[in-house]
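Chains as they are written, first to last, in our numbering: chain X, 233 to 278; chain F, 37 to 197; chain S, 2 to 550. By construction, the Cβ of each residue, glycine as well, lies at the ideal position given by its N, Cα and C atoms. No experiment lies behind these values; they were computed from the predicted model shown. Just below is one structure, and these are the notes that go with it.
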Amino acid sequence: MAGHKDSEHEEFHPKGTIVVLLIFVLTLIILWGSVYVILLSRGVTV
Amino acid sequence: MTTKQSMHIDPYEKNWIRLSIGLLVMFAAAVAVAGFALGIQVPTSEQRVDPKTVAEVGPWANPGLRELSPGKYEAYVLAQTWQFMPREMTVPAGSEITFYITSKDVQHGFKLQDTNLNVQIVPGQVSKLTITIDEPGEYTYICTEYCGLAHAAMFGKLIVE
Amino acid sequence: MLENYELSPGEKKFIGWHLVFGILALSIGSLFGPLQAFEHAGLDLYPYLQPLFKSYYQGLTLHGVLNALVFTTFFITGFLTLTVTYGLTRPLRYPKLNAVGFWMMVVGLVTTAVPLLMDEASVLYTFYPPMQAHWSFYLGLTLVVVGSWVEGWGFYYTYYAWRQENKGVRTPFISFSSLITMVMWQIATLGIAAEILTMLLPWSLGWIDGADPQLARTYFWFTGHPLVYFWLLPAYISWYGMLPKQAGGKLFSDSLARLAFWLFLLLSVPLGFHHQFVDPGVPAGWKFLHAILTYSVFLPSMLTAFTVVASLEYAGRQRGGKGLLGWIRALPWDDPSVTAQLLAAILFVFGGIGGLTNASYNVNLVIHNTAWVPGHFHLTVASAVTMSFMGISYWLIPYLTGKKLWKPKWAVIQSWIWFVGMIIFSNAMHVVGLLGAPRRTPLGLAPYIPEEWNGHLLRVGIGGAIMFVGMYLYVFIVAKTAFAKHAEPATVEIPVAEAMHDPQETPDWLDRWVPWLIGTVALILVAYGPQLIDQIANISLTSPGFKVW
Ligand code: HEM
Ligand SMILES: [Cu+2]
């Protein structure tokens, strides 16, 4: 880490970002998973 | 320039990258399990045919079902503007059907509703997939690629009894 | 660094012409969208378009070509002209070269439009052989692409000149990312260049008897997937490089933003087989490899999600936003340009999730060529990209014309209308696609529609009607602004976000072209080389052309 920046920026922790992105990940898992389940339910194709 | 260079990855962002990679690996694993362990596969390179003669010589000259052994079938399907040959097929429940589908003119699609059979039909190529259907009923197969004016009317029926 | 740099009136006019053609294409192409949506909902208006437009498919071809190919290419080349020159604070090195490129695109557009309007090229924007359009359709598309290349070469000369004058300085982000976008595009379009020049053009002219439809698909999707990144990256340039400033903050990480763009260059091209998962003539192993590569190109988008949201959070907190999520409310939602881009990004979340689903190898069996697919890309190209471009034009058109935006409040409302319409429309399309409804099909004419689709198809129509209002409100607002006689003069500053850390601290390897270009070419050779060689060596030009519309 270079030590000569205004400290104001160093203080910023994007906590809200993490919350937003976790909601996103949850949505992703649910929606992707639901199509995956449809795939599994429609039988085998070889 | 004397500025010190470094990547400056915020610790939060570092964790986010880790999480993203983990997530993608998990999805890839799920897909691989479905594909290679459970046998839900996509078509692969099969064989070539000449679209100009495919309707006259070879198995597509006489499209339809062939029973190989009890409960085991081959289905030769010929797509053309704007119909599938055959338009209707009947098999007993629990049959295993291997589809060989090609086109004598433009591209078409073949989607057997409520199953995972869904392939592109490319002239000169053969789309091959095998499915097993246990549930009796009427399954529609529809054309899913634009193939000209009456594309919307292109469909057929697989009856499982 | 950028203060007081001003584009010349000639440059502004030049960029303005790009927007004129782009938005004109959008406003004609979008006429058909609602007609398609209404058709799905049971209201068939095509009989009333006779004899001007012959069929659903002529309309659908115009919709795809004008919106997805013409609007985007003109808007993007215009916007990149701005980001390259303004970022580098120097004029184009050879403005005449760029002008030649632009007018080539215009000639190409006209050459394409004539057969389209005469119903001689109703082959849809993917023009899969052996359906055969009039040769002028292929020729026109080629001219549009080559014209965009020429404009790109103009950017490279400009960059080279700047580099000579500025040794050791980091390329300003908006120019840097624009150049990558253009390089990626030029590599990507080699696919359709090969398709058209070696196959479709000679075939449609009657010089060769047949086409190889499978090889044509492989060529097409070599270009077709990176094409979507060519649309998306300019929106990312704005989200990374401009939106933070507009929102009152800074770019959270200059180095990760640059890394994301390099990854897009590296990974955008070698994954086109994910559009061909259910093709008969491609080995499954190669499809799986491209699926994995597609997953890896999801990473730079995940990086983007973090950096952009963090930049916005910083902006919201600077504006007094409190708490975990309070900063979202504190963003300037009354600024139409910001609102358009924020809503674009929200819709893109769902577009990205759908995209990952499409890319998931066998999961593609569920949705391939169903209504899910247009449901998906109306969230990406028609929302993330189009709304971002709308948002950009809300400051860009005042900048170029010197006239204040006509009723900014209406422009804010415009974005919300599109957003609401799109949510209804795309959700219905996704759901009815999962139930099995095909795309590219006038479902009102289909004899196989089960009862359970009808409610969703009705929602397609309702969403489409709302989108119609949103689209033409946009066209109205920008036309009112551009052609106003007595508008208030506008003094627009081009929004360029500062980074939290001095870009000079960004490592040198993130500003070096050669290693990344070598990597890009190498990866393409590995992922595509063997299959391309195989398919070309076994080419069978057996398919004559068909005109079946
Ligand atoms: C004005 C609002 C719009 C509505 C209501 C609308 C509606 C539709 C519908 C219903 C389809 C599917 C047709 C079918 O598969 O049979 C479609 C296709 C498409 N739309 Fe839109 N659309 C709109 C705007 C846009 C915009 C702004 C873009 C891109 C910038 C776009 C790009 C496309 C593309 C590329 C296709 C696929 C064409 C094809 O399958 O060949 N649309 N649109
Ligand atoms: Cu068909």
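Asked, Found
"L271 (chain X) touches chain F at which residues, Cβ-Cβ below 8 Å?", "A70, I76 and N152"
"Would you identify the three-state DSSP class for H247 (chain X), choosing helix, strand or coil?", "It is Lys, not His, that sits at residue 247 (chain X) in the sequence shown. Helix."
"Mapping DSSP to helix, strand and coil, what is R102 (chain F)?", "strand"
"Would you say H144 (chain F) lies against chain S (beta-carbon separation less than 8 Å)?", "no"
"Kindly indicate which residue of S:K13, S:Y58 and S:V184 has the alpha-carbon position closest to the one of I519 (chain S).", "S:V184"
"For H187 (chain F), which residues in the same chain have their Cβ closer than 7 Å to its Cβ, ignoring the five residues on either side in sequence?", "W118 and C179"
"Quick check: the Cα distance between G465 (chain S) and L50 (chain S), rounded to an integer number of angstroms?", "18 Å"
"For S56 (chain S), which residues from the same chain have a beta carbon less than 8 Å from its beta carbon, with the 5 sequence-adjacent residues on both sides left out?", "Y47, D120, S123 and W550"
"What I want to know is whether the C-beta of R460 (chain S) ends up closer than 7 Å to one or more non-hydrogen atoms of ligand 1.", "no"
"How would you call F484 (chain S), buried or exposed, if buried means at least 16 neighbouring beta carbons within 10 angstroms?", "exposed"
"Name the one or two DSSP bridge partners that R84 (chain F) has.", "F:Q161"
"Using DSSP with H/G/I as helix, E/B as strand and the rest coil, what is K108 (chain F)?", "strand"
"T112 (chain S) lies in the alpha helix (DSSP H); which residues open and close that run?", "P96 to L118"
"How far does the alpha helix (DSSP H) with F469 (chain S) in it extend, from its first residue to its last?", "N455 to A483"
"State yes or no: is the C-beta of H187 (chain F) nearer than 7 Å to some heavy atom of ligand 2?", "yes"
"Please list, in chain order, the chain F residues whose beta carbon lies closer than 8 Å to that of T259 (chain X).", "The contacting residues do not exist; T259 (chain X) stays about 12 Å from chain F at best."
"Could you have a look at I209 (chain S) and say whether DSSP puts it in helix, strand or coil?", "coil"
"Have a look at S:Y315, S:L380, S:T219 and S:A306 and flag the residue whose alpha-carbon is nearest the alpha-carbon of P531 (chain S).", "S:T219"
"May I ask you to report which of helix, strand or coil DSSP gives N154 (chain F)?", "strand"
"Between the region 508-516 of chain S and the region 446-453 of chain S, can you find at least three pairs of beta-carbon atoms closer than 8 Å?", "no"
"Okay, do the region 324-333 of chain S and the region 353-373 of chain S touch, 3+ Cβ pairs below 8 Å being the bar?", "no"
"Residues in its own chain within less than 6 Å of H144 (chain F) by CB, not counting five upstream and five downstream?", "A115, I157, C179, E181 and C183"
"Could you check whether the Cβ of E132 (chain F) sits closer than 8 Å to any Cβ belonging to chain S?", "no"
"Any heavy atom of ligand 1 inside 7 Å of the beta-carbon of G321 (chain S)?", "no"
"Can you list the residues of chain S that L263 (chain X) reaches, using a CB-CB cut of under 7 Å?", "I354"
"Should M190 (chain F) be listed as close to ligand 3, given that the test is whether its C-beta is under 7 Å from any heavy atom?", "Among the ligands present in this structure, namely ligand 1 and ligand 2, ligand 3 is not found."
"Which of the residues in the region 405-419 of chain S, read from start to end, lie with their CB under 7 Å from any CB of chain F?", "none"
"Once you ignore the five residues that flank M121 (chain F) on each side, which residues in its own chain have a CB closer than 6 Å to its CB?", "P99 and L114"
"Sort out for me which residues DSSP pairs G173 (chain F) with in a bridge.", "F:V196"
"Roughly how many whole angstroms lie between the Cα atoms of I393 (chain S) and T277 (chain X)?", "46 Å"
"Name the two residues that bound the continuous alpha helix (DSSP H) containing S139 (chain F).", "From DSSP, S139 (chain F) is part of no alpha helix (DSSP H) but of the beta strand (DSSP E) over S131 to S139."
"Report the option in S:E494, S:V433, S:K548 and S:A498 whose CA atom is closest to the CA atom of H41 (chain S).", "S:V433"
"Are Y237 (chain S) and F289 (chain S) closer than 8 Å when you measure CB to CB?", "no"
"Of all the CB atoms in chain S, is at least one closer than 8 Å to the CB of A64 (chain F)?", "yes"
"At 8 Å on the CB atoms, spell out the chain X contacts of L165 (chain F), in chain order.", "T277 and V278"
"So is the beta-carbon of A115 (chain F) under 7 Å away from any non-hydrogen atom of ligand 2?", "yes"
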